Amino acid sequence: MEAKGKVEKFIVTLLLVLGGISVSLPFIWMILSSFKTEREVLQIPPTLFPQNPTFQNYLELFQSLNFDVYLRNTLIIVFCSMVGLLLNTMAGYGFGKFEFRGKEIWFMVVLVTMMLPGQITMIPTYLILNEMSLTNTMTGIVLPGLIVAFNIFLIRQFMVTVPDDLIEAARLDGAGEIYIFFKLIIPLAKPILSVQVILTFIASWNSFLWPLIIASDQRLYTLSVGLSLLQDQYATNYGLQMAGSAIMVIPILIIFMIFQKYLVEGFNVSGIK
Amino acid sequence: MARWKYKLMPLFFIGPAVLLLMVFSFAPIFLSLGISFTDLTLIGLADWSKINFIGIENFIKLFQDKVFLESVFNTFFYVIIGVPLAVSSSLVIALLLSMVGKWLSSTFRLIYYMPSVTNIVAIAVVWGFLYNQEYGLFNYLLSLINIQSIPWLEEPTVAKLSLIILAVWKSNGVSMLIFLAALQSIPRVYYEAADIDGANRWQKFFKITLPSMSFATFFVTVTTVIGWLQFFEEPFVMTEGGPLNGTNSMALYIYQRGFEYNDFGYAAAASFVLFIIIIIATIIQFRFRKKDQTL
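Each protein sequence line maps, in turn, to chains A and B. The numbering used here numbers the first residue of the first sequence as 1 and each following residue consecutively. The numbering used here numbers the first residue of the second sequence as 1001 and each following residue consecutively.
Spelled out as structure tokens, the structure:
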């Protein structure tokens, strides 16, 4: 449905622009405020652009507020989630291209866990980790989130479409199973995996609830947990809060801008119509 | 040798994932159900002999617990107001995007999707600032047009609505993409045929566009309802459930009970109530959809 006529086109564009401004306003306000001094941020009427732009807020985050540690922890979690994605891919391939005893039952397990709300497993998983003495450790933060049932499901749906003959041919040529997986299957799955890499990156960078539950030690806090702590402790220092938010939001926005083409295309590929 | 290897290969591929899934996702379902019938707290955690089986006492207590009932009410409030707003606004955005040229459409798609990829804690912190009664941007803008300052997060009902506005703003992106994909998959010939028959815009919209998107609408509604029933981070970061439990949601209540009071048995029971509500809500929607199709 294309808009017809100049007036109509103008109205539609105007609506989109107005909507776009209100969507980006919080981001713009965040960035502008993060460069204001503690006093200027509370000024009434508020200034739009910082009068004396300062990096003080950012410096304070890293020099006296451990945001360097939080950033490192967040990057560790991102890295581990990529290992998790590899495990998910392997499982998706296993379910898609192998026949073995109990396959249907195990796949049912995947489907059931896919539909569970997080709140159900939150408490027992914490208790299990507690029994393993893994609370307040990085392993405990990372382990429960490694496997994402929905990803296994999506990847399996793709793997089913890979022709058997292709894999058989590689086997006849004497390629080992692991070689086939890394050299044949992964390159074939590149379109779907690239979407998964971006989504996994975003999800793990943003992960909040599980680090919050497991980490009682500030050494293990992630950026999002550290930020919510900051909001409690520096309730009125909005400049500092905005700088902390900007550190979380801007890297993701940059990555999103670079890779959004794959994301949007992947959405069409995954076939929700 | 080769056969032995072939039998072991599937295990190598699915083993690690399935093992982790069993331990951290599947076993917990049953563990959770078990715990919900006990009085497990920190004491019981240290000494298992102190854990007592108390039957359905947790569930009885829950339905007499004023704070829990309030959080159930709030959760329904979020769903009833928030879901229609979220679904319709993303549909409107998708429709507007489909009406402009390719360049405009992809630029604005990017902008409208932005909130979906950003961290909810960071977003809530930023919005907390915008909503601030004295120093916030919103009240300042309102004061310019002589509207008295609004207690965005200080009055229970207003606070609920403020959280809904934030959550709608945040969640539009994904639904918008789904609607957009559905819009693009409607065959153009339908519209051309309608043009020949002399149909006007509204007729085309209600007779072609909307019916063709019924599956997308259904899918978006079901996932949105499930998501909103689990409303958690927004009240957690912005209001901690206050003022006067006015913004507390079921998911937040479960978290508070479980990890602030270490009342594990009770919290597990509450999580099952939430789970059952989610299942019922989903079944009802599937029923409606079936009726729809027989028409």
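Backbone N, C-alpha and C define an ideal beta-carbon position, used for all residues, glycine too. Just so we're clear, the structure is a prediction, and the values are computed from it rather than from any experiment.
Chain A contacts made by the stretch 1230-1262 of chain B, where a contact means CB separation under 7 Å:
Gln1230, Glu1233, Val1237, Ala1251, Ile1254, Gly1258, Phe1259
Counting only Cβ-Cβ distances shorter than 8 Å, please list the residues of the stretch 29-40 of chain A near chain B, keeping chain order.
Trp29, Met30, Ser33
Cβ neighbours of Ile185(A) in the same chain (closer than 6 Å, five flanking residues each side left out):
So the list reads Tyr93, once near-sequence residues are dropped.
Have a look at Gly1233(B) and Met1250(B) and give me their C-alpha separation to the nearest angstrom.
The question names Gly, but residue 1233(B) is Glu in the sequence shown. Their Cα atoms are separated by approximately 12 Å.
Please name the residue in Thr125(A), Phe49(A), Gly239(A), Ala91(A) whose C-alpha comes closest to that of Phe1264(B).
Thr125(A)
By DSSP, does Phe1053(B) sit in helix, in strand, or in coil?
strand
Chain B beta carbons: is any one of them nearer than 7 Å to that of Leu87(A)?
At least one beta carbon of chain B lies nearer than 7 Å to the beta carbon of Leu87(A).
Tell whether a beta-carbon distance below 7 Å holds between Phe107(A) and Phe95(A).
Taking 7 Å as the Cβ cut-off, Phe107(A) and Phe95(A) qualify as a contacting pair.
Quick check on the DSSP output: the alpha helix (DSSP H) that includes Trp1169(B) runs from which residue to which?
1156-1184
Give me the Cα-Cα distance between Pro211(A) and Thr135(A), rounded to the nearest whole angstrom.
10 Å
Output yes if chain B places a C-beta closer than 7 Å to the C-beta of Tyr93(A); else output no.
yes
Please say whether Phe1077(B) and Lys1160(B) have beta carbons closer to each other than 7 Å?
yes
Apart from the five residues on each side of it in sequence, which residues of its chain come closer than 8 Å, Cβ to Cβ, to Val1180(B)?
In the sequence as presented, Val is not what sits at residue 1180(B); that position holds Leu. Ala1094, Leu1097, Ser1098, Arg1109.
Delimiting residues of the alpha helix (DSSP H) encompassing Tyr179(A):
177-180
Could you check what DSSP says for Gly92(A) in three-state terms: helix, strand or coil?
helix
Own chain partners of Asp1039(B) with C-beta closer than 6 Å, once the 5 adjacent residues on each side are dropped
Asn1052, Ile1054, Gly1265
Roughly how far, in whole angstroms, is the beta-carbon of Pro53(A) from the beta-carbon of Phe67(A), given that I think they are within contact range, below 8 Å?
With 8 Å as the limit, Pro53(A) and Phe67(A) do not qualify as a contact, their Cβ atoms being about 20 Å apart.
For Gly1128(B), tell me which candidate among Ile252(A), Met257(A), Gln241(A), Lys261(A) has the shortest Cα-Cα distance.
By alpha-carbon distance to Gly1128(B), the top candidate from Ile252(A), Met257(A), Gln241(A), Lys261(A) is Gln241(A).
Since Gln231(A) is in the alpha helix (DSSP H), which residue starts that stretch and which ends it?
223-233
Extent of the continuous alpha helix (DSSP H) to which Trp210(A) belongs:
209-214
Have a look at Leu32(A), Leu87(A), Leu223(A) and flag the residue whose alpha-carbon is nearest the alpha-carbon of Gln196(A).
Selected option, being the one with the closest Cα: Leu87(A).
Identify the contact partners of Pro1010(B) in chain A, using a Cβ-Cβ distance below 7 Å as the criterion.
Gly94, Phe98, Phe100
Does the CB of Phe62(A) have a neighbour CB from chain B at under 7 Å?
So no, Phe62(A) is outside the interface.
Helix, strand or coil at Thr135(A) according to DSSP, with G and I counted as helix
coil
In whole angstroms, what separates the C-alpha of Thr222(A) from that of Met1009(B)?
37 Å
Where does Thr290(A) fall in DSSP's three states?
In the structure as shown, chain A starts at 1 and stops at 273, and residue 290(A) therefore has no counterpart that could be examined.
Pull the bridge partners of Thr1038(B) from the DSSP assignment, please.
Phe1053(B)
Gln56(A) at chain B interface by Cβ criterion, 7 Å
no
Within 10 angstroms of its Cβ, does Ser133(A) collect 16 or more other Cβ (buried), or is it exposed?
exposed
Using a Cβ cut-off of 8 Å, pull out every chain B residue sitting near Met122(A), in sequence order please.
Within 8 Å Cβ-Cβ: Ile1254, Tyr1255, Gly1258, Ser1271.
So with Cβ pairs under 7 Å, would you call Gly174(A) a contact of chain B?
no
DSSP state of Trp1127(B) mapped onto helix, strand, coil:
helix
Tell me the rounded alpha-carbon separation between Lys103(A) and Ile152(A).
14 Å
Take Gln119(A) as the anchor and find which of Val1225(B), Pro1028(B), Gln1285(B) has the nearest alpha-carbon.
When the alpha-carbon of Gln119(A) is set against those of Val1225(B), Pro1028(B), Gln1285(B), the nearest one is in Pro1028(B).
Is the CB of Ala1122(B) under 7 Å away from at least one CB in chain A?
With 7 Å as the cut-off, Ala1122(B) counts as an interface residue toward chain A.
Can you say whether Asn1200(B) is buried or exposed, counting buried as having 16 or more other CB atoms within 10 angstroms of its CB?
exposed
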